[in-house]
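The next block holds one structure in the form of structure tokens; read it before the comments.
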Amino acid sequence: MVPLLQRLEHLYADFLAADPRMIGDVYAQSVIFRDPVHELRGLPAVLGYFSGMAENLRECRFEFDQSLIDGDRISLWWTMHYRHPKLAGGKPLTLRGASLLEIDPGADRVTVHEDIYDLGAMVYEQIPVLGSVVKIVKSKLAQGNHQKSHAGAAHVGEPG
1 MVPLLQRLEH
11 LYADFLAADP
21 RMIGDVYAQS
31 VIFRDPVHEL
41 RGLPAVLGYF
51 SGMAENLREC
61 RFEFDQSLID
71 GDRISLWWTM
81 HYRHPKLAGG
91 KPLTLRGASL
101 LEIDPGADRV
111 TVHEDIYDLG
121 AMVYEQIPVL
131 GSVVKIVKSK
141 LAQGNHQKSH
151 AGAAHVGEPG
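Residue numbers are given in UniProt numbering: position 157 of the sequence shown equals residue 157, and the series is strictly consecutive.
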């Protein structure tokens, strides 16, 4: 039997071309799936979500950059390559993120899958006008944090 991590990476290597039956080879019937938008419970809900997502995307594939396995937990860092007709004029986009997985070792299936990524970078920044506003806000926040870190650095080593 193919190890779970290998099956998962194969499923996401070209997500749109994946056979839906592969999802059941990776996820438990009682899986909990979370991302910045949803929390889904049960394999039928996850299948429905993935099916709906696949209808709107023109490309969706993942490159796995690093993995960390600790007993029945796996952390994966990835880069998603995707195209959506309503984002960035349908041009190819990339998004970095991570997945935290909990495994049922007896069933060799994922029981909890949590995706962590910047929803703004994935969606909001790719929408005309709104994307410009989000980028300006991020820039202002970064400038504020940069100024605070320099202000704090001036006091390092000084008596309190």
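All C-beta atoms, glycine included, are put in the ideal place defined by N, C-alpha and C.
query	result
Taking the DSSP output, what are the residues bridged to E59?	R83
In angstroms with no decimal places, state the Cα-to-Cα distance between L16 and D35.	19 Å
For the beta strand (DSSP E) that L101 lies in, which residues bound it at each end?	L93 to D104
Is the distance from the Cβ of I23 to the Cβ of V46 below 8 Å?	yes
Give me the Cα-Cα distance between R96 and G106, rounded to the nearest whole angstrom.	31 Å
Are the segment 36 to 43 and the segment 70 to 86 touching, with three or more C-beta to C-beta distances below 8 Å?	no
Decide yes or no for the touch test of the segment 83 to 92 against the segment 7 to 15: beta carbon pairs closer than 8 Å, at least 3 of them.	no
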